[in-house]
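Residue numbers (our numbering): 5 to 404.
Here you go:
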């Protein structure tokens, strides 16, 4: 195919269509899925179906609160959160338990989505699944095309029934007309089941995070007065985070501060982090405020344990740190190596040494450093997605 044909295909694909999207809850932190669908909603209508879960709920306060929240959202019906983007919070228990319960949930979810599609007058939609849990419903909604957009090795999450998730994913991969992956290792794995599997790596919200380099950007009060250097991390504190690397970094810089921005998952014990006098757990902050916090960082940390889960991951925060103009130290993960702009640590001792290198070479936000990631925008990534989906539609004899 000639380059001009490629461009024409991208221009015509995924425009004026109806998309039913199965993903995480819309009002959570803006992950890759949110960035992609916000862009696609400029020229398509999106029905975003909030999370139907990858794990069974537990008998604890966190899950009870989440269930109550979902019940409240369910009573609100379809909510238009921005032009062309509608959110449905379905009433469904994750697909666990007896076969009878799973079948009941499948019918319940399908009916709710079909009802929402009817309300919005969706015709021949494209269904777009970011979660394997949608497998029992994907392909049963009168879709013209099915996309599985895989951004994690879901069966490797510690708090899920890995065997069941793997079975659901296998079913979705076999049903999908195309599988889009965010990491090379994911592409290699998923293409064994679905040969029409492509790689589109994550982008970054450059214009948002580069504000860290702007003299006018305010540093929030809860970080502004902390002793320097400020060595920072933002994101979820979960079992895949290497707490030992963070603690070793804090102990190597007793004169400074290690700042963690983000919530801790219910199944993760962060007591060792909290016990360190110069580790400051500031909790989750609004997305809008992250450039201000990044501006206060001297070095940004990406300390993930190396596992099957993280070897398949493409951590979004790395590109966000880089767009903020920050030096970054990361554990050795394939997709971070591909970015090529981070210092890669081989063990805990090396992690601390690489942080020291960053501090001596030029700490804090730097616009020249930020500009190196300028071309990796979400708009550029969505154009890649348009091309791949368009090519698959044409190959299937579908009209663009």
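From the three backbone atoms N, C-alpha and C, an ideal C-beta is built for every residue, glycine too.
On the criterion of 16 or more Cβ atoms from any shown chain inside 10 Å, does residue i qualify as buried, or is it exposed?
{"i": "residue 271", "result": "exposed"}
{"i": "residue 131", "result": "buried"}
{"i": "residue 107", "result": "exposed"}
{"i": "residue 257", "result": "buried"}
{"i": "residue 211", "result": "exposed"}
{"i": "residue 127", "result": "exposed"}
{"i": "residue 143", "result": "buried"}
{"i": "residue 390", "result": "buried"}
{"i": "residue 220", "result": "exposed"}
{"i": "residue 394", "result": "buried"}
{"i": "residue 17", "result": "buried"}
{"i": "residue 342", "result": "exposed"}
{"i": "residue 275", "result": "exposed"}
{"i": "residue 259", "result": "exposed"}
{"i": "residue 74", "result": "Because the pLDDT at residue 74 is just 44, under 50, the model does not fix this residue reliably, and the value given afterwards should be weighed accordingly. Buried."}
{"i": "residue 350", "result": "exposed"}
{"i": "residue 291", "result": "exposed"}
{"i": "residue 385", "result": "buried"}
{"i": "residue 417", "result": "A query on residue 417 cannot be resolved here, the shown segment of the chain reaching from 5 to 404 and no further."}
{"i": "residue 317", "result": "buried"}
{"i": "residue 229", "result": "exposed"}
{"i": "residue 157", "result": "buried"}
{"i": "residue 109", "result": "buried"}
Would you list the one or two residues that DSSP bridges to residue i?
{"i": "residue 133", "result": "26, 152"}
{"i": "residue 19", "result": "According to DSSP, which records beta bridges pairwise, residue 19 is partnered with nothing at all."}
{"i": "residue 306", "result": "334"}
{"i": "residue 261", "result": "234"}
{"i": "residue 84", "result": "90"}
{"i": "residue 268", "result": "241"}
Can you tell me where the alpha helix (DSSP H) with residue i in it begins and where it stops?
{"i": "residue 386", "result": "382-399"}
{"i": "residue 175", "result": "166-179"}
{"i": "residue 248", "result": "247-256"}
{"i": "residue 296", "result": "294-300"}
{"i": "residue 276", "result": "275-279"}
{"i": "residue 444", "result": "Not covered by the structure: residue 444. The range shown for the chain is 5 to 404."}
{"i": "residue 51", "result": "Note, residue 51: premise wrong, no alpha helix (DSSP H); beta strand (DSSP E) at 49-53."}
{"i": "residue 375", "result": "371-375"}
{"i": "residue 320", "result": "320-327"}
{"i": "residue 40", "result": "36-44"}
{"i": "residue 314", "result": "312-315"}
Taking the beta strand (DSSP E) that residue i falls in, what are its first and last residues?
{"i": "residue 183", "result": "182-185"}
{"i": "residue 289", "result": "Looking at the DSSP string, residue 289 is not in any beta strand (DSSP E), and its letter there is neither H nor E."}
{"i": "residue 348", "result": "347-349"}
Residue i and residue j look like a contact to me (Cβ under 8 Å); what is the Cβ gap, rounded to whole Å?
{"i": "residue 322", "j": "residue 235", "result": "Contact flag wrong, Cβ pair sits at about 16 Å."}
{"i": "residue 203", "j": "residue 188", "result": "6 Å"}
{"i": "residue 335", "j": "residue 308", "result": "5 Å"}
{"i": "residue 313", "j": "residue 137", "result": "Between residue 137 and residue 313 the Cβ distance is about 17 Å, and since that is not below 8 Å, they are no contact."}
{"i": "residue 50", "j": "residue 88", "result": "6 Å"}
{"i": "residue 141", "j": "residue 92", "result": "Wrong, their Cβ atoms sit about 12 Å apart, outside the cutoff."}
{"i": "residue 374", "j": "residue 217", "result": "6 Å"}
{"i": "residue 283", "j": "residue 242", "result": "About 17 Å; that fails the 8 Å criterion."}
{"i": "residue 300", "j": "residue 223", "result": "5 Å"}
{"i": "residue 328", "j": "residue 298", "result": "4 Å"}
Is the shortest distance between the beta-carbon of residue i and the beta-carbons of chain B less than 8 Å?
{"i": "residue 153", "result": "Absent from the structure is chain B; it holds one protein chain and no more."}
- Residue ranges of each alpha helix (DSSP H) within the segment 189-249, 4 or longer: 210-213, 225-228
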